[in-house]
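Visitor: With the sequence shown counted from 1, adding 435 to any position gets you this note's numbering.
Note that beta-carbon positions come from the ideal geometry of N, C-alpha and C, so glycine has one too.
As the structure is a prediction and not an experimental result, all values here were calculated from the model.
Below: one structure in structure tokens.
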Amino acid sequence: RVYINYSRNDEAAKTTLSKVEKAGGSGMIVKADMGNPDEVKKMWDLCMSDGKVPAALILNAAYQKKALLKETDLDLMRRTLEVNVVGNFHLARLYADACVASNVPGVIVVHSSNQGEFVNPTGFAYAVSKAALNHMVRHLAGAYVKNNIRVNGVILGWFDTDGERKFYSKEQIAEQAAQTMPMGRAGYPEEAADFAYFLASGKSTYFTGSLLRCDGGFAIDPDLGT
């Protein structure tokens, strides 16, 4: 069974559930604000209502509001870290501890960003949170490796997602990516999903503590990330 977490967009959650069911799977929508510890715990309890630990946990929750460092107040910093770091950590701990208690293997895939590796003037809080996530992957992997729980991170580049559409139109994304990205385009959500599926599958059983790139060649372009 696939548990689908969301916090605001009811229709998008229903669409995702429909795709799972059309593919022959079963699912459940579990609404929760990842920045609220009580809601995270209630969500996890729902996911464990049948007594079975999910085979894998995909951590994809993120909060981003563009702001220069001098414009980043404590509320923005707290909200970003509460969702992107604390919330993801909380759910990872709940999942890993359940695996240990049930003596079953587990897989955690953490979606991070290349913004955690370079200076983006308008993305201070978000970049700091992603840098923290990258190191959290290593710590979680080390803490649970003896329990047969694999933890890996995916460093994503620029993807044409609903989240990006808050800042740019589809046409702006296509135009800017054609001019700046080494592969000439932004990534497709399906490409990130396929990568996460690989890391959650039995085809990646010797991977843990790794940060793997899915960034369209961003890291090899000397003109980017400065």
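Can you look up Lys466 in the DSSP assignment and give me helix, strand or coil?
Guide: strand
Visitor: Going by DSSP, name the residue or residues bridged to Ala628.
Guide: Ala628 is not bridged to any residue.
Visitor: Tell me which residue opens and which closes the alpha helix (DSSP H) that Ser537 is part of.
Guide: 523-537 is the span of the alpha helix (DSSP H), which, as asked, contains Ser537.
Visitor: Taking Leu646 as the reference, which of Gly598, Ala576, Trp593 has the closest Cα?
Guide: Ala576
Visitor: With distances taken Cα to Cα, identify the nearest neighbour of Tyr498 among Trp479, Ser548, Ala578.
Guide: Of the candidates Trp479, Ser548, Ala578, Ser548 places its Cα closest to the Cα of Tyr498.
Visitor: Starting from the N-terminal side, write out each stretch of the alpha helix (DSSP H) that is 4 residues or longer and does not extend beyond the region 453-525.
Guide: 472-482, 509-516
Visitor: With DSSP as the reference, please indicate the residues paired to Asn583 in a beta bridge.
Guide: Bridge partners of Asn583: none, in fact.
Visitor: Classify Thr640 as buried or exposed, calling it buried when 16 or more other Cβ atoms lie within 10 Å of its own Cβ.
Guide: exposed
Visitor: In terms of DSSP beta bridges, what is Phe594 paired with?
Guide: Gly622
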